Amino acid sequence: MSVDVSILESAQPPALGTGRSPAALMWLRFRVNRAAYVSLIFLVVLTVAAIAAPLIAHLAGHGPNDLYRTSMLDSFGNPKGPTLHFWFGADASGRDVFVRVIYGARVSLIVGVVATGIAATIGVVFGLIAGFRGGGLDTLLSRTSDVVLALPVLLFAIGLSSACSNTAQGCVGGAVTPGLNLVIVIIVIFAWPAMFRIVRAATLSLRESTFVEAGRAVGMTGRSIMFREVLPNLISPVVVYAALMIPESILFEAYLSFLGLGVPGTTPSWGGMLEQASQYYTTAWWLMVFPGVFLLATILAFNLVADGVRDAFDPKATK
Amino acid sequence: MSDVLLEIENLHVTFASPHGPIRAVDGLSLRAERGATLGVVGESGSGKSVTFLAAMRLLDPATATVSGRIRLDGVDLLTLPSREMQTVRGPRIGMIFQDPLAALHPLLRVGDQISETLRAHGDISRRDASDRAVAALRRVGIPSPDERARQYPHELSGGMRQRVMIAMALVLEPELLIADEPTTALDTTVEAQILALIDDLRTRIGLGVVLISHSLATVSQVADTVAVMYAGRAIERGPCSDVFGQPQHPYTWGLLDSLPAVDGGHESLTPIPGAPPSLADLPPGCRFGPRCGYRMPACGERVPDLVERHAGHADACILPMDGREGLRRAPIAHPANSEPAP
Amino acid sequence: MGGECICVMGRYILRRLLWTLVVILIVTLVTFVIFYVLPSGDPAVRFAGKEPTQQVVAQVRRDLGLNHNVAVQYLLYLKRLVVGDKYGWPGLGFSYTTGGAIAPQLWQRAQITLQLVLGAAVIWMLIGIPVGVYAALKPRSAFDRSSLLVGLVFISTPVFWLGMLLLWLFWATLGWLPGTGYVTFTTDPVAWAGHMLMPWLTLSLAFAAIYARIIRGKMLDTLGEDYIRTARAKGLPERRVVTHHALRASLVPIVTLLAVDIATLIGGTVVVEDVFNLQGLGSWVLYGAQNQDLPITLAVTLVATIAVSLLSLMADVIYAYLDPRVRPR
Amino acid sequence: MSVVTRPPRRARASVIGLAICLGAAAAVLAACGGSSGSAASGSGSRGGTYRVEATDFGFSNNFDPTGEYTTNAWGIYRGLLIRTLVGYKMIAGVPGNQLVPDLATALPTPTGNNTVWTFTIKTGVRFAPPVNRVITSQDVAYAFQRIATPALAAQYGFYYSTIAGIDAFASGKSKTISGITTPNTRTIVFHLSQPTPDFLYRLSLPAAGPIPREVAKCFTAPGGYGRDLVSSGPYMIQGSPTVNVSACGAITPMSGFDPSSKLVLVRNPNYNPATDSTAMRTALPNGFTFTINTNQRDIFDRIQAGLTDDSLNAPPASIVAQVAGNASQRHLIHSGLSDSTKYISMNLAQAPFDDIHVRKAVNLIMDKAGLQQANGGPLFGELATHIVPNTMYNDASSITGYDPYATPGSSGSVSAAQAEMHQSKYDPKHDGLCDASACKDVFTIAVNTSQDTNEIPVVQSALGRIGITLNIRALPPSSAGATVSTVANNVPLALSQGFSKDYADPSTFFTPLFESSSIAPTGNLNESLVGLTPALAHQLGVKIPAGVTIPSVDAKIAACDAIPTGSDRQSCWIALDKYVMESVVPWAPYLTQHDIHLLGSDVTAWDYDQSSNTTAYSHVAVAANKQG
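If you read the sequences in order, they're chains V, F, X and H.
For what it's worth, our numbering labels the leading residue of the first sequence as 2, then goes sequentially.
For what it's worth, our numbering labels the leading residue of the second sequence as 3, then goes sequentially.
For what it's worth, our numbering labels the leading residue of the third sequence as 256, then goes sequentially.
For what it's worth, our numbering labels the leading residue of the fourth sequence as 149, then goes sequentially.
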């Protein structure tokens with residue numbers, strides 16, 4: 002509050018971390034954040050479960066697309082709730098919700114990581130080029146990102162999804178087919194501009210800084226300055242923002258699936274399961290609760306980890 | 003000069019920080035008198051502002067620990083219930099700050115900021131309050147105060163803003179005005195005007211003034227009494243003319259030597275070598291010791307007390323009294339290994 | 256001075272309005288292009304009945320105005336927008352699927368969406384401000400930390416899931432609240448509020464968390480400002496220092512944010528309207544997009560664009576009113 | 149006929165009894181014997197308002213009868229607003245599909261080899277306000293001029309293409325339709341350019357009902373007249389009398405109809421019951437309201453609370469299960485068996501379905517019981533085993549029980565299917581599985597509505613047992629329809645397809661679905677491409693696999709269609725039905741859906757209109773004292 006700032010400034014820097022590598026230091030700072038640490042453990046367990054989904058399905062005795070319509074559906078086709086053998090109950094086709102929830106983690110994790118990876122890469126590369134080169138290329142890329150952000154997301158997603166669903170080939174010569182592939186494409190299209198802007202702005206300010214000047218003075222080429230001098234200095238904002246993009250991508254996938262634009266129902270996904278649940282939630286709560294809790298927990302965990310990553314990179318950011 | 007208004011006794015202020023406690027003020031004792039100006043001088047971080055923020059109880063209790071006594075007319079402010087403290091701030095003590103642009107609320111008209119003070123401390127109608135605000139502006143010499151009252155801080159000049167601050171601090175006619183670096187952000191001509199205004203008000207309404215400044219020159223213009231602070235302690239205190247005429251502490255010497263002479267004829271400008279110590283990690287003994295050109299082994303043993311050596315003039319240095327004047331003229335070249343010359 | 260100020264303001268507003276027109280042109284064009292570049296089948300066939308003959312398809316194509324090339328169609332659309340059509344002004348045309356005029360439905364649905372969004376905004380401000388302020392007054396306290404964590408949970412909760420969860424709990428299971436659907440305020444104010452409560456909450460919780468975070472940050476910054484120290488030094492009661500001085504300064508930048516968020520939601524409450532069966536703009540644009548009903552899609556896109564432009568303009572004007580420092584001089 | 153972009157939901161029978169007792173819904177069996185089922189008893193009293201709610205009217209032509217092509221509208225027209233020359237009794241079952249005279253005094257006997265049809269119009273039948281005058285033969289003739297006006301986009305105008313001179317009128321070469329003459333105000337004669345034995349059925353469609361020229365001439369775009377429809381039936385749109393029809397410019401929409409919110413019908417003061425029969429219309433309620441309530445769940449809550457009486461939407465299986473399980477509410481469930489078939493469509497020009505053995509194997513492996521359950525169980529539909537629903541055959545005895553692909557429990561037979569697959573060219577390993585690459589990731593269009601989505605895993609699981617794996621795109625109904633009906637998309641397999649009759653002659657199934665002439669580049673109904681010739685394939689961008697000849701049933705359809713209505717014609721269609729199922733195998737049919745209605749407790753009489761596959765509005769009654 003009303004503390005004379007100079008007092009704090011005159012204090013010595015913390016003794017913590019003398020003689021440790023920056024990575025080890027960050028890990029130390031990350032581990033201090035208990036919520037982030039627990040979240041990371043949860044995500045690791047979830048990832049292992051997703052990879053081992055066939056094994057878990059085998060142990061449960063039900064495949065993700067096995068139908069138990071005589072035992073788990075009533076004569077009206079309504080699903081039955083959790084039992085000893087169907088821990089999370091059955092869905093409207095008599096499939097094991099537990100096994101499908103475990104399989105569903107695959108879609109969320111793949112979308113979160115792959116879409117973010119692609120979008121972040123595009124954003125970083127374009128941002129570096131635009132910020133460093135400037136000129137017409139910068140204008141072109143910046144305007145493109147503006148236009149993308151102005152696109153009506155839903156309309157575009159629905160249009161792209163139906164246009165690519167008309168024929169067996171999909172669209173863009175078979176490069177984009179409905180399902181996971183298309184979902185990732187849609188997310189990437191709408192996610193890269195934000196990263197682009199961050200990297201571009203950071204690059205612009207770095208371009209004027211002394212060490213880049215120094216690089217030029219010793220005769221480094223533009224490209225090597227860009228990758229050897231500028232890029233390393235961008236790692237912190239890029240990693241921090243990319244960490245935040247993962248939960249956003251997962252949420253985006255869930256929305257698309259909920260609106261029927263996501264992966265087809267035969268591939269278990271949490272958003273898709275929740276879409277089905279929306280028809281039954283008043284009578285079959287288990288269809289909504291289990292996939293939803295997993296979805297929430299995963300997004301929350303990624304958000305908490307992102308918080309932890311930000312603190313680890315920039316301890317001053319938290320107030 | 004016997005009418006003590008504010009008396010600070012053995013004040014300690016400690017801030018909690020991740021790197022250990024910071025002892026910002028450490029056993030300070032001071033007095034301000036009615037109708038007189040006390041100048042408090044020191045580098046930034048010497049604890050001069052913190053002392054008076056503590057007196058106003060404006061330090062965050064979550065981070066600052068305050069002990070000792072601060073008496074206003076004999077009443078200890080530190081133990082006063084916070085509700086009563088509110089009736090001290092404003093009606094009894096007014097305070098103005100270094101950067102008037104930052105210290106005035108940017109979104110409120112200056113007149114409203116003054117009348118708000120009035121309304122917080124008395125049952126007064128909106129109209130009367132704004133009339134009195136205009137009058138207060140007029141009193142601090144603001145031309146066309148009606149118009150100015152309706153303006154926002156950013157629309158005024160720097161000097162004008164500080165006048166507004168003064169008007170606001172004095173509108174409730176307090177006994178004491180604490181001016182924390184009131185002229186630092188202003189240019190020299192405006193500084194003179196503001197100092198003259200403060201001095202004028204002091205004589206006109208018998209106000210006690212505490213003038214906090216890092217600048218000896220500023221203080222020397224208006225102060226009756228001067229206290230020099232270093233690293234949370236007063237190291238010299240006395241009537242203005244004595245402190246500037248016969249400074250006793252090597253730090254005060256250093257301060258005066260680093261001052262450009264007004265006549266411009268001084269041959270050398272000598273800055274004090276080194277930097278003030280970290281308040282979280284104070285040196286043993288005299289805090290000025292490591293930077294002192296006259297250091298003796300005994301300096302590192304004990305924190306010297308402030309001792310009154312002439313009438314009203316005290317210092318906290320263990321150098322023998324009789325040789326000081328000579329020493330000041332011939333400082334030793336390498337303070338670190340120095341022995342005082344006989 | 257005042258007159259000059261108004262004149263400068265007027266020019267600024269005019270410039271912004273012109274820019275809005277440009278944005279409208281771009282956005283409608285983009286919508287048009289998406290509709291034609293990413294078609295999900297021939298719209299004329301879709302609206303030609305169940306067993307269309309080629310003549311009927313041709314006739315429908317003419318009736319829907321799809322027989323012109325895309326550029327001409329777009330220009331005709333703009334012309335009708337400006338001049339009006341047989342349904343009045345602005346010429347928004349008729350729905351391909353129902354044949355009904357767009358305009359009256361648009362206003363009707365816009366009202367529902369506005370009620371949803373404004374109600375939610377009130378709720379998220381009512382939650383966000385006190386939580387943010389209190390957290391800022393006691394930074395790192397248990398309240399501060401837990402409010403951050405709970406806020407993060409809200410931010411991480413998919414809106415559609417939250418909606419279903421609330422419906423399941425309070426409607427299907429406990430029966431405390433009426434379920435999906437909408438009742439007009441004039442029909443029955445209590446039923447209206449009952450039907451809107453869950454949609455409001457669903458829409459507002461994540462925003463409440465975000466706003467609490469932002470307000471906390473702004474308050475922390477503001478509380479460190481010199482003028483807060485001045486206010487305390489004047490002997491103002493702490494409550495007044497917090498509300499009148501700190502909060503006031505902290506909320507000014509929130510105004511812009513709030514306006515932009517509200518504006519974005521006007522075309523973007525798709526999921527909440529879908530879950531709660533509210534026939535607002537969001538569910539309409541979903542319907543339009545899924546059924547290739549271009550006039551519906553265009554109308555909602557248009558309204559959403561105008562809302563974003565006008566509200567952000569309004570926010571700037573309000574900002575200038577609240578913060579004298581940014582007023583044009 | 150109608151492609152099911154909207155799932156067909158209509159049917160035979162009346163009360164819950166029949167429908168449920170056929171199935172295995174044990175929980176509700178108890179209800180069957182004692183079900184009082186107020187329905188066909190029809191002992192209601194006069195008065196009250198029959199209230200219907202729907203999430204959506206879904207009108208295809210804004211309620212203008214010239215182009216309107218939805219069952220919901222037809223049910224309202226027939227029962228309440230439009231009297232055609234010939235009509236139906238609007239009751240459940242086979243009798244409900246039999247023609248009776250309505251506006252005409254008698255069913256005519258055609259002359260000139262089914263080409264000349266002469267009708268006499270009853271006296272004293274008058275239009276409702278604001279027209280108020282007697283209906284003449286010119287009003288019927290005018291309806292055909294509207295059908296023939298291209299700008300009005302009559303959506304089933306093709307049914308009238310055999311009327312002499314209709315093309316000349318359509319192209320503007322003639323001011324009148326030469327094949328329709330009106331010797332006097334009560335007589336109308338149709339001259340057909342070729343024999344059309346089922347022409348009477350075609351005249352029973354609502355577009356053929358009388359339309360007053362003085363009003364309708366003012367509407368020159370499709371759908372416009374729907375807002376000012378002038379009734380010839382016992383009810384009319386509320387606000388009709390206040391419409392000023394003195395000049396086209398003065399006409400305003402009738403206040404009782406807002407396509408986005410409501411359709412309110414009140415008694416037509418000009419209706420003379422003496423010109424009608426109670427066998428067709430009892431017309432007991434004083435009025436009808438059709439209100440849009442977009443909240444489906446709310447509709448059924450309101451019905452159960454007695455706040456409304458009926459819905460155009462089918463109740464969800466979960467609600468039906470709940471009501472059926474409650475003895476005191478069970479009687480509120482009523483249903484009819486719709487004249488529709490739900491099926492999986494296979495494309496005869498796409499591998500692996502170009503091989504009849506694969507198509508037969510698909511039929512043999514299909515878990516029809518599972519598909520039935522996915523649709524809500526036996527209460528929601530009967531298993532279909534061939535093309536045309538039995539209710540459309542006057543005498544279905546020779547096809548009842550016919551199931552060329554019967555399997556135990558109708559759950560599919562792996563051994564039978566694999567034995568069939570064994571003979572296929574796509575089983576080179578002869579292991580009974582579809583081994584070829586064409587059998588893997590078969591591009592499949594499905595529908596993403598809740599019930600249709602439930603069918604996907606059932607089909608996928610069944611086909612997996614004969615080695616066929618699917619690459620499924622689940623689309624919204626309209627997108628799915630548009631995708632499948634665009635021939636160039638070459639969709640090999642389409643799930644959740646449905647077709648329902650326009651009138652009760654099997655030609656309305658066979659002609660659009662299997663005749664080569666109905667193959668069209670877009671909006672194609674012959675999705676299996678039965679009768680596709682190499683020339684046509686080339687033109688449409690379809691590549692028929694080498695060595696494959698696609699069977700044609702054109703000649704058989706033409707032969708049956710030439711037989712005058714009667715038992716010979718019926719036998720011909722039944723034989724064709726069996727032939728298609730065994731020798732063409734374009735489909736795997738699985739369900740004839742029940743049209744389930746959950747009724748409010750105020751309903752005292754209810755019946756099912758088999759001709760329209762809707763509630764028989766002309767036979768319902770409500771407890772009059774309870775309502776205003």
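C-beta: ideal position from N, C-alpha, C; glycine also.
Predicted model only: the values in this text are computed from it and were never measured.
Q. Comparing the C-beta of Y256 (chain V) with each C-beta of chain H, is any distance below 8 angstroms?
A. Not an interface residue.
Collapsed DSSP secondary structure at L336 (chain X) in the structure displayed
If DSSP states are grouped into helix, strand and coil, L336 (chain X) belongs with the helices.
Item to complete: Could you round the C-beta distance between I744 (chain H) and L527 (chain H) to whole angstroms and report it? I think they count as a contact, below 8 angstroms.
Response: Indeed they touch by this definition, with Cβ atoms about 7 angstroms apart.
Specify the secondary structure class of E675 (chain H) as computed by DSSP and reduced to three states. The answer is coil: DSSP assigns E675 (chain H) none of H, G, I, E or B.
Starting from the C-beta of T266 (chain H), find all residues in its chain whose C-beta is less than 6 angstroms away, skip the five residues before and the five after it, and write them out in chain order. Taken in chain order, the residues that qualify are P256 and V337.
Check: Counting pairs of beta carbons, one from the stretch 177-188 of chain F and one from the stretch 99-106 of chain F, are three or more of them closer than 8 angstroms?
Finding: A contact is defined here as three or more CB-CB pairs under 8 angstroms, and the stretch 177-188 of chain F meets this definition with respect to the stretch 99-106 of chain F.
Exercise for the section: Show which residues of chain X have a CB atom less than 7 angstroms away from the CB atom of G92 (chain F). Expected result: Correct list: K489 and G490.
Looking at the C-beta of F591 (chain H), does it have a partner C-beta in chain V at a distance below 8 angstroms? F591 (chain H) counts as touching chain V.
| request: Within 10 angstroms of the Cβ of G672 (chain H), are there 16 or more other Cβ atoms? Answer buried if so, exposed if not. | output: Strictly speaking, residue 672 (chain H) in this sequence is Asn, with Gly absent from that position. Buried.
| task | Can you tell me which of the three DSSP states Q741 (chain H) falls into? | result | Three-state DSSP puts Q741 (chain H) in a strand.
**OP:** Can you check DSSP and say which residues form a bridge with T548 (chain H)?
**Re:** Note: T548 (chain H) sits in no beta bridge, so no partner.
Distance, M474 (chain X) Cα to D481 (chain X) Cα: Distance between the alpha carbons of D481 (chain X) and M474 (chain X) is about 13 angstroms.
Quick one: which unbroken beta strand (DSSP E) runs of 3-plus residues sit fully inside the stretch 279-312 of chain F? Chain order, please. Fully enclosed beta strand (DSSP E) runs of 3 or longer: 309-312.
Close beta carbons around L40 (chain F), own chain, < 6 angstroms, minus the five adjacent residues each side: For L40 (chain F), where only same-chain residues beyond five positions count, the Cβ hits under 6 angstroms are A34, V212 and T227.
- Query: So is I111 (chain V) in contact with chain X if we call contact Cβ pairs under 8 angstroms?
  - Reply: Not one chain X Cβ lies under 8 angstroms of I111 (chain V).
What does A504 (chain X) reach in chain F if we use C-beta pairs closer than 8 angstroms?
Neighbours of A504 (chain X) on chain F, chain order: H107, P108 and L109.
Query - Cutoff 8 angstroms: T185 (chain F) Cβ touching any chain X Cβ - result: No, because no Cβ of chain X sits closer than 8 angstroms to the Cβ of T185 (chain F).
Selection from X:L432, X:S564 and X:P413 that minimises the alpha carbon distance to T457 (chain X): It is X:P413.
Handout entry: Burial state of C262 (chain X), where buried means 16 or more other Cβ atoms lie within 10 Å
Key = By the neighbour-count rule (16 or more Cβ atoms within 10 Å), C262 (chain X) is not buried but exposed.
Quiz item: How about the stretch 606-620 of chain H and the stretch 560-567 of chain H: do they share at least three Cβ pairs that are nearer than 8 angstroms?
Solution: Using a Cβ-Cβ distance cut-off of 8 angstroms, the stretch 606-620 of chain H and the stretch 560-567 of chain H are in contact, since at least three pairs of beta carbons, one from each stretch, lie closer than that value.
Worksheet entry | Within-8 angstroms CB hit, V605 (chain H) to chain V | According to the sequence provided, residue 605 (chain H) is Pro. The question's Val does not apply to it. So yes, P605 (chain H) belongs to the interface.
task = Ignore the nearest five residues each way along the sequence and tell me which others in C165 (chain V)'s own chain have a CB closer than 6 angstroms to its CB.
result = By the criterion of a C-beta distance shorter than 6 angstroms, C165 (chain V) is surrounded in its chain by G171, C172, V177, P179 and L183, once the five residues flanking it on both sides are discounted.
**Prompt:** Under 9 angstroms Cβ-Cβ, which residues of chain X neighbour T89 (chain F)?
**Reply:** Within 9 angstroms Cβ-Cβ: G490.
- Message: Rounded to whole angstroms, what is the Cα-Cα separation between A301 (chain H) and A303 (chain X)?
- Response: Spanning the two alpha carbons is a distance of roughly 8 angstroms.
Around the C-beta of N324 (chain X), are 16 or more other C-beta atoms found within 10 angstroms, so that it is buried, or is it exposed?
-> So N324 (chain X) ends up on the exposed side.
Item to check | Runs of alpha helix (DSSP H) wholly within the stretch 679-726 of chain H (minimum 4 residues, chain order) | outcome: Within the stretch 679-726 of chain H, the complete alpha helix (DSSP H) runs of at least 4 residues are 682-688 and 702-710.
Problem - CB contact below 8 angstroms: T283 (chain V) versus chain X - result: Under the Cβ criterion of 8 angstroms, T283 (chain V) is counted among the residues facing chain X.
Q: Assuming H123 (chain F) and P93 (chain F) form a contact by the criterion Cβ under 8 angstroms, report the distance between their Cβ atoms to the nearest whole angstrom.
A: Confirmed, Cβ separation roughly 5 angstroms.
| task | Would you please verify whether the beta carbon of V507 (chain X) is less than 8 angstroms from any beta carbon of chain F? | result | Put simply, the CB of V507 (chain X) is near chain F, with a gap under 8 angstroms to one of its CB atoms.
**Prompt:** Roughly how many angstroms separate the alpha carbons of S285 (chain H) and I295 (chain H), rounded to a whole number?
**Reply:** The alpha-carbon atoms of S285 (chain H) and I295 (chain H) are separated by roughly 16 angstroms.
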